[in-house]
Amino acid sequence: MEILPAIDLVGGKAVRLFQGDYAQMTVYSDDPLSVAKDFEACGASSIHLVDLEGAKNGGTPNIGVIRRIARETALRVEVGGGIRSDEAVERMLDAGAARAILGTAAVTDPDFLARMVTSHGERIAVSADIRDGMVAIRGWTQRSALTCDELMRRLQETGVQTVICTDISRDGAMRGTNRALYRQLASAYPMRFIASGGVSSLEDVAALREAGLWGAIIGKAYYTGAIDLRRAIEVAT
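Right, dumping it as structure tokens:
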């Protein structure tokens with residue numbers, strides 16, 4: 013299983029939100045590139061980046077930082093947040109991202125998602141952000157009309173290969189990940205699932221690996237020291 017340490021970006025800084033609340037934001041570093049290099053030094057081969065400003069308002073305001081991380085490290089970069097147009101996808105891929113993650117657009121514009129999957133194949137992933145069984149959009153600020161399973165069936169039919177699934181209620185809460193949700197998804201759908209939200213112990217990492225998850229994102233637990241990234245990578249492999 014792949015471990016993807018995460019950097020959330022606001023104003024060119026590495027931050028974390030609590031359960032997607034922009035009013036509860038902690039700045040962890042003014043230098044995201046340095047954080048990414050620390051991930052690399054710990055043995056990570058991939059990184060998960062989210063442009064939180066883009067997720068909320070659209071656009072790619074932090075693309076400069078994303079480009080530097082892609083170019084100045086050997087990390088495989090997957091990036092999401094505000095990617096809602098052909099041009100935004102192209103900008104992220106041209107900046108060096110291995111995968112562009114569609115969130116809101118994957119839910120609100122199925123034709124756009126299908127076109128991007130046809131054009132870019134496995135370089136397109138989808139972020140499925142779940143709150144109380146329903147899919148959230150626009151930086152988790154709005155609730156869609158789709159259930160988790162309805163979205164998964166649509167993604168499978170479209171040919172999406174990689175899904176980053178976040179249980180919003182667990183995000184940043186440091187109370188463990190939703191193991192039952194991820195076991196159910198991994199067993200029900202033939203896609204590569206990356207667990208996000210609440211991965212806060214080595215036991216979580218081991219449980220997700222045993223459940224057949226393709227990857228796990230580690231965010232706040234790294235920044236607070238709750239998880240040693242080197243050990244997490246060892247447990248995952």
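Sequential numbering from 13 applies to the sequence shown in my numbering. All residues carry an ideal CB built from backbone N, CA and C; glycine is no exception. Note that the structure is predicted; figures quoted are calculated from it, not measured.
Residues near residue i by beta carbon distance below 6 Å, same chain, minus five either side
i	result
Arg111	Glu90, Arg135 and Ala137
Ala117	Arg96 and Phe124
Tyr201	Met164 and Gln168
His60	Leu16, Ala18, Glu90 and Ile229
Residue i, DSSP secondary structure in three states
i	result
Leu87	coil
Gln168	helix
Ile95	coil
Ser58	strand
Tyr194	helix
Asp161	helix
Asp42	coil
Ala238	coil
Asp144	coil
Met104	helix
Exposure of residue i, with buried meaning 16 or more beta-carbon neighbours within 10 Å
i	result
Asn190	buried
Asp20	buried
Ser199	exposed
Arg150	buried
Ser57	exposed
Ala140	buried
Arg243	exposed
Gly231	buried
Ala35	exposed
Sequence-distant residues of its chain with Cβ nearer than 7 Å to residue i (five each side left out)
i	result
Glu52	Thr85, Ala86 and Leu87
Residues near residue i in its chain [Cβ-Cβ closer than 8 Å; skip 5 each side]
i	result
Ala148	Gly32, Asp141, Ile142, Gln154, Arg155, Ser156 and Ile180
Arg204	Gln173, Thr174, Val175, Trp226 and Gly227
Thr170	Pro122, Leu125, Ala126 and Val129
Report task. Only counting runs of 3 or more residues, tell me where the beta strand (DSSP E) segments fall wholly within the stretch 208-235, in order along the chain. Result -> The beta strand (DSSP E) runs lying completely inside the stretch 208-235 and spanning 3 residues or more are 227-230, given in chain order.
Query raised in the report: Can at least three beta-carbon pairs, one atom from the stretch 99-107 and one from the stretch 63-83, be found at a separation below 8 Å?
Result: As far as the Cβ criterion goes, the stretch 99-107 touches the stretch 63-83, which means the pair count is three or higher.
Report task. At 3 residues or longer, and completely inside the stretch 107-137: list those beta strand (DSSP E) runs for me, N to C. Result -> Runs of the beta strand (DSSP E) inside the stretch 107-137: 111-114.
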